[in-house]
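Take 150 as the starting number for the sequence shown in our numbering and just add one per residue. In what follows, a single structure is set out as C-alpha cells and then discussed.
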Amino acid sequence: MPVSHSVDREPSEPTNSTENEHQNQTDDGGDRPDDGLPINELFYSLQGEGTLAGVPSVFVRTSGCNLRCWFCDSYHTSWEPTHAWMSLEEILAEIESYDADHVVLTGGEPLLHDASADLLSELDDRGYHTTVETNGTIHRDAPIDLASISPKLQSSTPTPERDPRSEIPEESRNGERRSRGAANRGDGEWEQRHENARLDLDALTELVETHPFQLKFVVTDADDMPEILDLLAELRDAAAVPIHEENVLLMPEGATRERLAETRTRVAELAMEHSFRYTPRLHVDLWNDAPET
Numbered sequence: 150m151p152v153s154h155s156v157d158r159e160p161s162e163p164t165n166s167t168e169n170e171h172q173n174q175t176d177d178g179g180d181r182p183d184d185g186l187p188i189n190e191l192f193y194s195l196q197g198e199g200t201l202a203g204v205p206s207v208f209v210r211t212s213g214c215n216l217r218c219w220f221c222d223s224y225h226t227s228w229e230p231t232h233a234w235m236s237l238e239e240i241l242a243e244i245e246s247y248d249a250d251h252v253v254l255t256g257g258e259p260l261l262h263d264a265s266a267d268l269l270s271e272l273d274d275r276g277y278h279t280t281v282e283t284n285g286t287i288h289r290d291a292p293i294d295l296a297s298i299s300p301k302l303q304s305s306t307p308t309p310e311r312d313p314r315s316e317i318p319e320e321s322r323n324g325e326r327r328s329r330g331a332a333n334r335g336d337g338e339w340e341q342r343h344e345n346a347r348l349d350l351d352a353l354t355e356l357v358e359t360h361p362f363q364l365k366f367v368v369t370d371a372d373d374m375p376e377i378l379d380l381l382a383e384l385r386d387a388a389a390v391p392i393h394e395e396n397v398l399l400m401p402e403g404a405t406r407e408r409l410a411e412t413r414t415r416v417a418e419l420a421m422e423h424s425f426r427y428t429p430r431l432h433v434d435l436w437n438d439a440p441e442t
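What follows is the structure, encoded as C-alpha cells:
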C-alpha cells in the first residue's frame, strides 16, 4: 500500500513533548480515525535484518519519528514524513489479506503512537508473531514477540557536515516536491535535538527487561565500537536480565547496494572480533533502495 498524503510543514520549535513533536511533524490535518495510525507503507516482503532475516512478513510502517538520523533509510517517515491515516480495523484487514504469520511494526518510530500498543494487542490475539523495530527511546506496555532495538550512536547525529540532503533520492530533490523538513539546511538545526533524544537508558532497560530482544547497531567502521561497548556496559549494569553477545547485532550502514559494498566487510570483521552477530541488509541486497521492500 503506497502512501496517499504528503506532509509539507515547517519544522516545529523544540519541545519536550514526544506526542507534540509527532503531531507537528506528521499530522496532515485531514480526516483520521480515533483509533488510527499514520501509515507510510503496508506491504508484504522478506524481513531483511536481524535474527529473523529471510522470514516472509507483513510490514506496517508508521510515519513520525522523534529522531533525525542523517542517514535515515526511511526518510519519508522522518525528514519528509508522508502517510495515510488508517483505522486499526483497516490495518488488520490488510494484514490478514496476506499469507504470513509474522508482522513487523516499524517506522519512523512506531512506539510514538498510543495506537501502536492497541494494534500489537490485536495482532497478539490473532496469533501473529510481532517484531517491533524501535530506536529504544520509548517503552510501551504491549505484547511484543521480538523487540528489535536499534540505539542510535553519535555517528547518526545530523551535523552540518552530515547533511541528509545528500541521501534524498533524486525524485525528491526538486524544490517544489521536497518539504522543508527534508533538509538540514546546512546548519545542523536538528543536531542538538537529535543528540538530546537519541538515547534513553531507562526506556532501553525497560524494553530489554520486558520483551525478547535484539540490540541492532548500525555501524560504519571501528570508530563506532567504543561507544557500543560503553553503552552495553551501562545497559548490563542497569538491566535485571542478561545481555549476551548473541543478543548484539552489528549491521553495516548503507541504504543502497553501493554503500553496503563499502561498509559490509569491515562490519563483518568487527562482529567476529567482538563475538557479536553480523546481520545483513537482505532487502537492500535484493531490491536496492526500492520502496515497499
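Using N, Cα and C, we set each Cβ at its ideal position, and we do this for glycine too. It should be emphasised that the depicted structure is a prediction, and the values quoted were computed from it without experimental measurement.
CB of residue i within 8 Å of CB of residue j, strictly
i: Thr-211; j: His-251; result: no
i: Pro-300; j: Asn-284; result: yes
i: Ala-388; j: Thr-359; result: no
i: Leu-237; j: Glu-271; result: yes
i: Arg-430; j: Val-397; result: no
i: Leu-295; j: Pro-361; result: yes
i: Ala-264; j: Asp-290; result: no
i: Leu-201; j: Thr-280; result: yes
i: Gly-199; j: Lys-365; result: yes
i: His-423; j: Met-374; result: yes
Residue closest to residue i, alpha-carbon to alpha-carbon, out of the options
i: Cys-221; options: Pro-187, Leu-302 and Gly-199; result: Leu-302
i: Leu-268; options: Tyr-247, Ala-371, Pro-292 and Thr-286; result: Pro-292
i: Cys-214; options: Glu-376, Val-207 and Thr-231; result: Thr-231
i: Asp-349; options: Glu-340, Leu-384 and Met-374; result: Leu-384
i: Asp-438; options: Thr-369, Glu-282, Thr-405 and Leu-419; result: Thr-405
i: Asp-274; options: Glu-282, His-288, Arg-415 and Glu-245; result: Glu-245
i: Glu-338; options: Leu-356, Val-357, Arg-311 and Asp-183; result: Arg-311
i: Val-416; options: Leu-381, His-393, Glu-395 and Asp-372; result: Asp-372
i: Gln-363; options: Leu-381, Asp-351 and Glu-376; result: Leu-381
i: Asp-351; options: Met-235, Pro-309 and Asp-386; result: Asp-386
Supposed contact pair residue j and residue i - C-beta distance, whole angstroms, cut 8 Å
i: Ile-240; j: Leu-186; result: 7 Å
i: Ala-249; j: Ser-297; result: Contact flag wrong, Cβ pair sits at about 17 Å.
i: Leu-399; j: Leu-419; result: 6 Å
i: Thr-412; j: Thr-369; result: 6 Å
Same chain, Cβ closer than 8 Å to residue i, neighbours up to 5 away in sequence not counted
i: Ser-305; result: Leu-216, Cys-218, Trp-219, Phe-220, His-343, Arg-347 and Val-367
i: Met-421; result: Tyr-427
i: Arg-408; result: Glu-402
i: Tyr-277; result: Ile-244, Asp-250, His-251 and Val-252
i: Leu-356; result: Thr-283, Gly-285, His-288, Ala-296, Ile-298 and Phe-362
Cβ shell of residue i (< 6 Å), same chain only, five flanking positions each side left out
i: Phe-192; result: Phe-208 and Glu-441
i: Leu-260; result: Thr-283, Ile-287 and Arg-289
i: Val-152; result: Low local confidence applies: a pLDDT of 44 at Val-152 is under 50, so the model's placement there is unreliable, and no value is given.
i: Val-204; result: Gln-196 and His-251
i: Gly-324; result: Since pLDDT at Gly-324 reaches only 42, below the 50 mark, its modelled position is unreliable, and the value read off the structure follows with that caveat. Excluding residues within five positions, none has a Cβ falling inside 6 Å.
i: Tyr-247; result: Tyr-193 and Val-207
i: Pro-182; result: Ser-236
i: Ala-410; result: none
i: Ser-448; result: Nothing about residue 448 can be reported from this structure: the residues present for the chain run from 150 to 442 only.
i: Ala-242; result: none
Neighbourhood of residue i by C-beta, 7 Å cutoff - its chain only, sequence neighbours within 5 removed
i: Leu-394; result: According to the sequence shown, residue 394 is Glu rather than Leu. Contacts found: Ser-424 and Phe-425.
i: Glu-340; result: Thr-306, Pro-307 and Thr-308
i: Asp-184; result: Ser-236, Leu-237, Ala-264 and Asp-267
i: Leu-378; result: none
i: Glu-376; result: Leu-302 and Gln-303
i: Asn-165; result: Per-residue confidence for Asn-165 stands at a pLDDT of 34, beneath the threshold of 50, marking its modelled position as unreliable; the derived number appears in the next sentence. Nothing listed; no residue qualifies.
Practice task
Please determine if the stretch 221 to 236 and the stretch 253 to 260 are in contact, where contact requires at least 3 C-beta pairs separated by less than 8 Å.
Solution key: These segments touch.
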